[in-house]
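Single-structure report; data block below.
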Amino acid sequence: MPEIEKLYNQNKKHLIGSEIPWLKEMRNNILKELESTGIPSKKKETWKYSDLKHVRNVKYVFDESGIKNERKDYFGDVNFINGKHISEIQEDHIKNIFIEKLESNIINFEKYFSINSNFLSQDFITDLNTIFLTDGLTLSVPNNVKTDLKITYSNNLNSISSYIRNIIKVGKNSEFQLIENFNKDNTEDNSSNVFNIFWLEEGAKVEHILIQNAQQSSKIAYSSLIFCYDNSDFEQFSFQCGSESVKNQHTTNLIGRRSSVKHYGVYFAKDAQFVDNKTTVIHHEQECKSNQIYKGVLSDESNGVYLSNTLVKPEAQKTEGYQLSRGMLLSEKSVLKTKPELKIYADDVKCSHGSTVGEIDREQLYYLQSRGINKKESEKLLIKAFTKDVLENMKNKESLNRIDEIIDDWLTE
Amino acid sequence: MLKIENLSVSVNEKKIIKDFSIDVKRGELHAIMGPNGSGKSTLSNFLSGREGYQLVHGKVLFKDKNLLDLNIDERARLGLFLAFQYPVELPGVSIVPFLKTAINSKLRSKNLKEIDALEFTKKIKEIASFLNITDEMLKRSVNYEFSGGEKKRYEILQMTLLDPDLSILDETDSGLDIDALKIVSKGVNRVRNKNNSMIVITHYQRLLDYIIPDYVHILVDGKIVKSGNKDLAIELEKKGYESFL
Ligand SMILES: Nc1ncnc2c1ncn2[C@@H]1O[C@H](COP(=O)(O)OP(=O)(O)OP(=O)(O)O)[C@@H](O)[C@H]1O
Ligand SMILES: [Mg+2]
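If you're matching them up, the sequences are chains A and X in order. Using my numbering, you'd call the opening residue of the first sequence number -14 and step up by one each time. Using my numbering, you'd call the opening residue of the second sequence number -19 and step up by one each time.
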């Protein structure tokens, strides 16, 4: 812990919002809190199954030498390099979306910053994000529009740590597709900590696609916090394939009636990779629906963790909540830990959860081979089939194709 | 085509196939009939290369090659096809890409070039309509949530497409209604020619009215107890297995 404080004191002047009193205070409070509780360890319930690589060796590097305004072929509409937003487009509107640098607007955003102390209390990952913030944007989708945006995260220097926060507001009855890509690049030892907060106003519909396909030596921590007002609908696809360690957490608050959320996930890991996902849905209001469905394929000595949670508040009558975790282990040394949790304080609810871990089905493999398809090819077909029912819900076909290609590469490597 | 000599096979230390011999020549269709548990599926599964069966003794030559030296998919690519008694469901494996992978695996192994996408689609559609398989069904996952009869018709579709040298049909007629039985028989007869061979396993003489066998064998307790022509099936239908025990 003293290291984090030391790091903070050394870099204070580079940090976004360092002159803002409320943010300074917030950062000091986090440091104080950390001092008394200590950094996370396996003894803490929330880190029991997690990879402590995200805790050890916390870094903040100030190096802006790599930030150049050159367009890369993987670029999206909005791009971050080495933790900094590349503002090549001078307009503040892209595809109908009003975009502002968090830095220029941070003074107005106290409420969004204190949000994680209310909703993700004492969460080490988002606390680090608050302290070491390198950049971020506020995206505002107006009412009654249909639009989409692609954000990319990449690095062109080694040993960079990014701490990015985006605040995304989607106006009434708008439809918004947000695609976030963590790119594979030729750098080493980078870590990213991204924290996105979504506000969905009445009737808004969001499809959020998160593609984490970074290079082997990278570490990614991604957090999302979602608020859904009446009749809004948030659908998330989270896909992992690549990094040495990923730690994601997604928390949805269904605060409006008849709002709904789907947390879908598909992950692949091999070698000694570690993929850790957690989804939480809190039903605050009546007649809301939630789905949390994750499927993972693990080979070699990889580790997977998937924790899902449904919390139904006393007011949230007529809730429908569903949780499913399925794992396919391709090697005896791979390990998947999964734990569904369900806390229900209302009486009129329909909730269920299930979890299975298995191997490739021998009968199915035999059937395919009996048609002349060799074993390796047959296994590939079955692995892809395993994840298909989750992925096929994705409306953005470009992303679906990209994921398909990533999986194909993974299977041929 | 297929020559089996003195074959004994056991499952979990229990001998199921006992000194079984057969010689299926090119262009011939042999029917094997036998009571439940006599070893018909064991024989077909063993020939296809399924694991869990132990060879006790015997020899199996397929197209003059030692069949038992090959693994499951090599046997299939060499030209062996088994239409399963209980086809496995493959949720998430779409029919068309699956069939394409299967046919291309075979073509590649013969150093032939892969099938043209258009030609392939045309071919599938034509076979499917011949077997009364709807376009809607072709969009689904392999065998997944198919009815019993649909599964059997779909096995015949695969057989037609892969055009094997030797087809083994394990009770392809069971569970079929009379119309489906006719369709399936029509499908089998379409594939049958003087260059390929078939082994048709069935409980019912009725199938053999539509698919006329050159030989009929009666299998009891892992052994062929009697062989003859199609009249043997009629005799069996009248007398039951009792008289052959
Ligand atoms: N995996 C196995 N383990 C133990 N016994 C087995 C196994 N497979 C087959 N058997 C036994 O071998 C015998 C032959 O079974 P098989 O399925 O070959 O019969 P069949 O002639 O196909 O019968 P049916 O007409 O009912 O399909 C049966 O007694 C069966 O119980
Ligand atoms: Mg049988």
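Glycine included, C-beta positions come from ideal geometry on N, C-alpha and C.
Looking at the structure shown, is A/ALA257 part of a helix, part of a strand, or coil, going by DSSP? Residue mapping note: residue 257 of chain A aligns to position 272 of the first sequence, counting from 1. Correct three-state label for A/ALA257: coil.
Cβ contact check for the stretch 325 to 341 of chain A and the stretch 47 to 67 of chain X: 3 or more pairs under 8 Å: no
Hey, quick one: how far does the beta strand (DSSP E) through A/TYR138 stretch, first residue to last? Stepping through the first sequence from its first residue, residue 138 of chain A is reached at position 153. Note, A/TYR138: beta strand (DSSP E), 131 to 139.
Straight-line gap, A/ASN67 to A/ARG56 (C-alpha atoms, nearest Å): As a working mapping, residue 67 of chain A is identified with position 82 in the first sequence. As a working mapping, residue 56 of chain A is identified with position 71 in the first sequence. Computed Cα separation, rounded: 15 Å.
Could you tell me whether any non-hydrogen atom of ligand 2 is closer than 7 Å to the CB of A/GLN162? Position 177 of the first sequence, counting from 1, holds the residue named residue 162 of chain A. It does not: the Cβ of A/GLN162 is nowhere closer than 7 Å to a heavy atom of ligand 2.
Neighbour list for X/VAL68 in chain A, Cβ cutoff strictly below 7 Å: Reading the second sequence from its first residue, position 88 is the one you call residue 68 of chain X. Within chain A, the residues near X/VAL68 are GLU348, GLN349, TYR352.
Taking A/LEU315 as the query, report the chain X residues whose CB atoms sit under 7 Å from its CB, ordered along the chain. One-based indexing of the first sequence puts residue 315 of chain A at position 330. Going along chain X, no residue has its Cβ under 7 Å from A/LEU315, so there is no contact; the nearest lies around 16 Å.
Cβ of X/GLY17 within 7 Å of any heavy atom in ligand 1? Looking up residue 17 of chain X in the second sequence gives position 37. Correct: X/GLY17 has its Cβ closer than 7 Å to ligand 1.
Compute the minimum distance between the beta carbon of X/ILE226 and the heavy atoms of ligand 1, and state whether it is under 7 Å. There is simply no residue 226 of chain X to check, as chain X begins at -19 and stops at 225 in what is shown.
Beta-carbon separation of A/GLN197 and A/PHE167 under 8 Å? Taking the first sequence and counting its residues from 1, one reaches residue 197 of chain A at position 212. Taking the first sequence and counting its residues from 1, one reaches residue 167 of chain A at position 182. Yes, the Cβ-Cβ distance between A/GLN197 and A/PHE167 is below 8 Å.
Step through the CB atoms of chain A and report whether any lies within less than 8 Å of the CB of X/GLN185. Within the second sequence, the letter at position 205 stands for residue 185 of chain X. With 8 Å as the cut-off, X/GLN185 does not count as an interface residue toward chain A.
Which of helix, strand or coil DSSP assigns to X/MET178: Locating residue 178 of chain X in the second sequence gives position 198, counting from the first residue. It is a strand residue.
According to the neighbour-count rule (16 or more other Cβ atoms, all chains shown, within 10 Å of its Cβ), is A/GLN(-5) buried or exposed? Reading the first sequence from its first residue, position 10 is the one you call residue -5 of chain A. Classification of A/GLN(-5): exposed, given that the 10 Å Cβ count is below 16.
Could you work out which residue in X/ASN169, X/GLY167, X/ASN25 is closest to X/GLN65 when comparing CA atoms only? By one-based count along the second sequence, residue 65 of chain X stands at place 85. Taking only the C-alpha atoms, the option nearest X/GLN65 is X/ASN25.
Within its chain, find whatever has a CB closer than 7 Å to the CB of X/ARG57; leave out the 5 residues flanking it on each side and keep chain order. For the purposes of this step, residue 57 of chain X is identified with residue 77 of the second sequence, where counting begins at 1. SER85, LYS86, SER89, listed in sequence order.
Start and end residues, alpha helix (DSSP H) containing X/LEU216: In the second sequence, counting from the first residue as 1, residue 216 of chain X sits at position 236. 210 to 219 is the span of the alpha helix (DSSP H), which, as asked, contains X/LEU216.
A/SER355 versus chain B: which residues are under 7 Å apart at the beta carbon? Absent from the structure: chain B. Protein chains present are A and X.
Chain X beta carbons: is any one of them nearer than 8 Å to that of A/GLU186? Numbered from its first residue, the first sequence carries residue 186 of chain A at position 201. Answer no: the Cβ-Cβ gap between A/GLU186 and chain X never drops below 8 Å.
Taking 7 Å as the line, does the beta carbon of X/GLU151 fall inside it for any heavy atom of ligand 3? No copy of ligand 3 occurs in the structure displayed; its ligands are ligand 1 and ligand 2 alone.
Chain X contacts from the stretch 159 to 171 of chain A (Cβ-Cβ distance under 7 Å): none
Could you tell me the alpha carbon to alpha carbon distance between A/SER159 and A/THR22, rounded to whole angstroms? Locating residue 159 of chain A in the first sequence gives position 174, counting from the first residue. Locating residue 22 of chain A in the first sequence gives position 37, counting from the first residue. If you take the alpha carbons of A/SER159 and A/THR22, they lie about 43 Å apart.
Compute every distance between the C-beta of X/SER(-12) and the non-hydrogen atoms of ligand 1, then say whether any falls below 7 Å. Start at 1 with the first residue of the second sequence, and residue -12 of chain X comes out as number 8. Outside the cutoff, so no.
The stretch 360 to 372 of chain A in contact with the stretch -19 to -1 of chain X per 3-pair CB rule at 8 Å: no
Rounded Cβ spacing between X/LEU(-13) and X/GLY32 (contact assumed at less than 8 Å): In the second sequence, residue -13 of chain X corresponds to position 7, counting from 1. In the second sequence, residue 32 of chain X corresponds to position 52, counting from 1. That pair is no contact at about 16 Å.
Distance check for A/SER144 and A/GLU220, CA to CA, integer angstroms please. The residue given as residue 220 of chain A occupies position 235 in the first sequence. The residue given as residue 144 of chain A occupies position 159 in the first sequence. The straight-line gap from Cα to Cα measures roughly 33 Å.
Of the residues X/VAL171, X/LEU149, X/GLU116, X/ASP53, which one's Cα is nearest the Cα of X/LEU187? Indexing the second sequence from 1 puts residue 187 of chain X at position 207. The option with the nearest alpha carbon to X/LEU187 is X/LEU149.
So with CB distances below 7 Å, who are the chain X contacts of A/LYS(-3)? Taking the first residue of the first sequence as 1, we reach residue -3 of chain A at position 12. Near A/LYS(-3) there are no residues of chain X at all, since even the closest Cβ is about 52 Å away, more than 7 Å.
Listing by chain order, which chain A residues have their CB less than 9 Å from the CB of X/SER85? Residue 85 of chain X sits at position 105 when you count from the first residue of the second sequence. ARG356, GLY357, ILE358, ASN359, GLU362, listed in chain order.
Any chain X beta carbon closer than 8 Å to A/LYS280: As a first step, residue 280 of chain A is located in the first sequence; it is residue number 295 there, counting from the start. Chain X contact via Cβ: absent.
Would you mind working out which of A/THR323, A/THR264, A/GLU286 sits nearest A/GLY306, comparing C-alpha positions? Translated into the one-based positions of the first sequence, residue 306 of chain A becomes position 321. Of the listed residues, the one whose Cα sits closest to A/GLY306 is A/THR264.
Taking only the alpha-carbon atoms, compute the straight-line gap between A/LYS28 and A/HIS39 and give it to the nearest angstrom. Walking along the first sequence from the start, residue 28 of chain A turns up at place 43. Walking along the first sequence from the start, residue 39 of chain A turns up at place 54. Their backbone Cα atoms lie some 15 Å apart in a straight line.
Among all the DSSP beta bridges, which residues are the ones paired with A/ILE211? Counted from its first residue, the first sequence places residue 211 of chain A at position 226. Paired residues: A/PHE183, A/THR237.
Should X/LYS20 be counted as a contact of ligand 2 given a C-beta to heavy atom distance under 7 Å? One-based indexing of the second sequence puts residue 20 of chain X at position 40. True, at least one ligand heavy atom lies under 7 Å from that Cβ.
Compute every distance between the C-beta of A/GLN197 and the non-hydrogen atoms of ligand 2, then say whether any falls below 7 Å. Reading the first sequence from its first residue, position 212 is the one you call residue 197 of chain A. Not so, every heavy atom of ligand 2 lies at least 7 Å from the Cβ.
Proximal residues of chain X, C-beta to C-beta of A/ASP374 below 9 Å: The sequence position of residue 374 of chain A within the first sequence is 389, counting from 1. Going along chain X in sequence order, the residues near A/ASP374 (Cβ under 9 Å) are PRO71, GLY72.
C-alpha distance - A/LYS280 paired with A/CYS213, whole-angstrom precision: As a first step, residue 280 of chain A is located in the first sequence; it is residue number 295 there, counting from the start. As a first step, residue 213 of chain A is located in the first sequence; it is residue number 228 there, counting from the start. Going from the Cα of A/LYS280 to the Cα of A/CYS213 covers about 25 Å.
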